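Visitor: Everything in the sequence shown is counted per my numbering, starting at 35 for the first residue and increasing by one.
Beta carbons: idealized from backbone N, C-alpha and C, even for Gly.
Note that the structure is a prediction, hence the values are computed from the model and not measured.
So that we are looking at the same thing, I have put the structure below in structure tokens.
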Amino acid sequence: MEKTQMAMLKLVLLGPPGAGKGTQAKSLSEELGLAHISTGDILRQAIQLDSALGKEAKHYVDKGELVPDGLVTKMVIERLKRPDAKRGFILDGFPRNIKQAEDLDSFFAQEGYSDYKVIYLDATEKTIIQRLGGRMICKKCQAVFHMTNMPPKEGSRCDFCKSELYQRQDDREETVKYRLSVYAQATKPVVEYYARQGRIMEFDADRESSVVLKEMLQGL
Ligand SMILES: [Zn+2]
Numbered sequence: 035m036e037k038t039q040m041a042m043l044k045l046v047l048l049g050p051p052g053a054g055k056g057t058q059a060k061s062l063s064e065e066l067g068l069a070h071i072s073t074g075d076i077l078r079q080a081i082q083l084d085s086a087l088g089k090e091a092k093h094y095v096d097k098g099e100l101v102p103d104g105l106v107t108k109m110v111i112e113r114l115k116r117p118d119a120k121r122g123f124i125l126d127g128f129p130r131n132i133k134q135a136e137d138l139d140s141f142f143a144q145e146g147y148s149d150y151k152v153i154y155l156d157a158t159e160k161t162i163i164q165r166l167g168g169r170m171i172c173k174k175c176q177a178v179f180h181m182t183n184m185p186p187k188e189g190s191r192c193d194f195c196k197s198e199l200y201q202r203q204d205d206r207e208e209t210v211k212y213r214l215s216v217y218a219q220a221t222k223p224v225v226e227y228y229a230r231q232g233r234i235m236e237f238d239a240d241r242e243s244s245v246v247l248k249e250m251l252q253g254l
């Protein structure tokens, strides 16, 4: 594909936790000059900027509650309207359920974005548990290590600032299994929804991320 066309790519990235969505979205956005739109980042930014939607979201975050689906959708759409996203984007972590997928489709139809593509990173439960289960994070600088894939040089201390490493509650095996069941219930139907539209490009994300990236770039 021509470079100019590449820059207009509109991508939705789906997959279970631990499939490497964040890493791949970042690499694809850099390689293809796309705006990387992750729901986590949008939420943090909106709250920081104190926008109308940010204020509304903060209300839930402060109470430790989940930000409602509809509000997340509004924030994603607000972000998609910004000039950089009009030149091409990759959505990471959205949509998470059928309602969000349908609302996103309405917005895409309004904008004339009929040619968007959906990348599905599939990974087995075994790989996911092994990946997330080995992840260790620095208490101080938040650097991420992996006990088998990217072990710290000295025991369980950060290579950069020598602080102690810890495992996030989210990455413990029981929690990972729970996150996978939530994913299966809400997000798997989204994959089927896009499959019915004939938009899915599926990649085996059990493999090393550089191999998967290369294959995605060739497939696009
Ligand atoms: Zn550190």
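Does at least one heavy atom of ligand 1 sit under 7 Å from the Cβ of Ser244?
Guide: Answer for Ser244: no, Cβ out of range of ligand 1.
Visitor: Can at least three beta-carbon pairs, one atom from the segment 170-178 and one from the segment 190-210, be found at a separation below 8 Å?
Guide: yes
Visitor: In this structure, what does DSSP give as the bridge partners for Met170?
Guide: Phe179
Visitor: Measure the Cβ-Cβ separation of Ile124 and Pro50 and say whether it is below 8 Å.
Guide: no
Visitor: Give the straight-line distance between the Cα atoms of Lys151 and Tyr217, rounded to the nearest whole angstrom.
Guide: 21 Å
Visitor: Which one of Ser243, Lys115, Met250 and Arg230 has the shortest CA to CA distance from Ile132?
Guide: Arg230
Visitor: What's the C-alpha gap between Gln164 and Glu208?
Guide: 12 Å
Visitor: Where does Ala59 fall in DSSP's three states?
Guide: helix
Visitor: Name the DSSP bridge partner or partners of Glu65?
Guide: None, per the DSSP bridge assignment.
Visitor: The beta strand (DSSP E) spanning Glu236 covers which residue range?
Guide: Ile234 to Asp238
Visitor: Mind listing, in chain order, the residues whose beta carbon lies closer than 6 Å to a non-hydrogen atom of ligand 1?
Guide: The answer, residue by residue, is Cys172, Lys174, Cys175, Ala177, Cys192, Phe194, Cys195 and Ser197.
Visitor: Span of the alpha helix (DSSP H) holding Phe141?
Guide: Looking at the DSSP string, the run of the alpha helix (DSSP H) that includes Phe141 is Ile132 to Glu145.
Visitor: Evaluate the contact criterion for the segment 53-66 versus the segment 92-104: three or more CB pairs, one atom per stretch, below 8 Å.
Guide: no
Visitor: Residues in the same chain with beta-carbon distance under 6 Å from Arg213, minus the five sequence neighbours each way, listed in chain order, please.
Guide: Pro51
Visitor: Quick check on the burial criterion: 16 or more other C-beta atoms within 10 angstroms. Buried or exposed for Pro129?
Guide: buried
Visitor: Would you mind working out which of Ile81, Tyr154, Lys44 and Asn183 sits nearest Gly167, comparing C-alpha positions?
Guide: Asn183
Visitor: Report the three-state DSSP secondary structure of Met35 (helix, strand or coil).
Guide: Bear in mind that the predicted position of Met35 carries a pLDDT of just 48, short of 50, making it unreliable; the figure below should be weighed with that in mind. Residue state, collapsed to three classes: coil.
Visitor: Check whether the segment 113-127 touches the segment 71-78, taking contact to mean three or more Cβ pairs, one atom from each stretch, closer than 8 Å.
Guide: yes
Visitor: According to DSSP, Gly70 sits in a beta bridge with which residue or residues?
Guide: Going by the sequence as given, residue 70 is His instead of Gly. Paired residues: Ile124.
Visitor: Whole angstroms are fine: how far does the CA of Ser215 sit from the CA of Lys160?
Guide: Roughly 14 Å between the two C-alpha positions.
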